[in-house]
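Residue numbers (our numbering): 27 to 251.
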């Protein structure tokens, strides 16, 4: 089973390993998890697409692979032609957070600030085309904001920039950023799903707090050649 995650994506590697362990128990067969890094997931997906369609090689894919269909015109495979979906694995909300220095304690205040100062606020992500980038662009479009995307090479770098105050805000995994918010390193503004997250039940969704209909999640799934 091959994953597309960078070395810094510890939680995603853990999900792949956990799934592999459960499949071993169910199938009675050894499952080897390989991390094929690079190309925004293209390298790992291509390796699986070129494998024999015998059920022994699977791809752990995410939102990024579907976004790549629009962002990367020349790929060595066609996602829905060379690979077939098997099953969803995980869905996770994101958390919109800001650096504590940002003068906004809730989404209403953040929207007002961004509209009063077009182009002045930046948001970080782990790179172009990632779920975090897409969540930011959707937020920007639906709220009618002029905010600037600051891409990083990985999630850890994006988090460091926001917690250090170099970038004002970001969308990130809710389980990760909820802990940082509790520690006072960032301020939680809103969650990204349709309903409030069990991780942060006291924090409203973006949809209920000021941008009706907003819904953005990270999802993982299995595909096979």
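From the three backbone atoms N, C-alpha and C, an ideal C-beta is built for every residue, glycine too.
Can you tell me whether residue i is buried or exposed, with buried defined as 16 or more other CB within 10 angstroms of its CB?
i, result
"residue 110", "exposed"
"residue 236", "buried"
"residue 30", "A caution first: residue 30 carries a pLDDT of 46, below 50, which makes its placement in the model too unreliable to give a value."
"residue 98", "exposed"
"residue 188", "buried"
"residue 194", "buried"
"residue 218", "buried"
"residue 67", "buried"
"residue 162", "buried"
"residue 52", "exposed"
"residue 223", "buried"
"residue 96", "exposed"
Please identify the residue among the options whose C-alpha is closest to the C-alpha of residue i.
i, options, result
"residue 116", "41, 238, 251", "41"
"residue 216", "49, 181, 53, 119", "119"
"residue 190", "249, 74, 212, 200", "212"
"residue 171", "180, 140, 51, 61", "140"
"residue 126", "67, 224, 208, 219", "208"
"residue 244", "166, 50, 182, 155", "155"
"residue 60", "88, 100, 73", "73"
"residue 206", "62, 192, 186, 224", "186"
"residue 201", "227, 130, 180", "227"
Can the beta-carbon of residue i be found less than 8 angstroms from the beta-carbon of residue j?
i, j, result
"residue 157", "residue 221", "no"
"residue 242", "residue 164", "yes"
"residue 84", "residue 197", "no"
"residue 147", "residue 173", "yes"
"residue 214", "residue 199", "no"
"residue 149", "residue 128", "no"
"residue 70", "residue 57", "no"
"residue 108", "residue 75", "yes"
"residue 184", "residue 151", "yes"
"residue 239", "residue 168", "yes"
"residue 263", "residue 210", "This structure gives no information on residue 263, because the portion of the chain shown stretches from 27 to 251."
"residue 100", "residue 94", "no"
What whole-angstrom Cβ distance do residue i and residue j have, given they're in contact under 8 angstroms?
i, j, result
"residue 86", "residue 246", "6 angstroms"
"residue 81", "residue 250", "7 angstroms"
"residue 78", "residue 248", "Between residue 248 and residue 78 the Cβ distance is about 17 angstroms, and since that is not below 8 angstroms, they are no contact."
Can you tell me whether residue i sits near the ligand NAP, meaning its C-beta is under 7 angstroms from at least one heavy atom of the ligand?
i, result
"residue 177", "Looking at this structure, you won't find the ligand NAP or any other ligand, since it has none at all."
query = Hey, which unbroken runs of the alpha helix (DSSP H) at 4 residues or more fall wholly within the segment 72-133?
reply = 89-97, 105-108
request  = For the segment 143-205, list the alpha helix (DSSP H) runs that are entirely contained and at least 4 residues long, ordered along the chain.
outcome  = Complete alpha helix (DSSP H) runs here, min 4: 157-169, 181-189.
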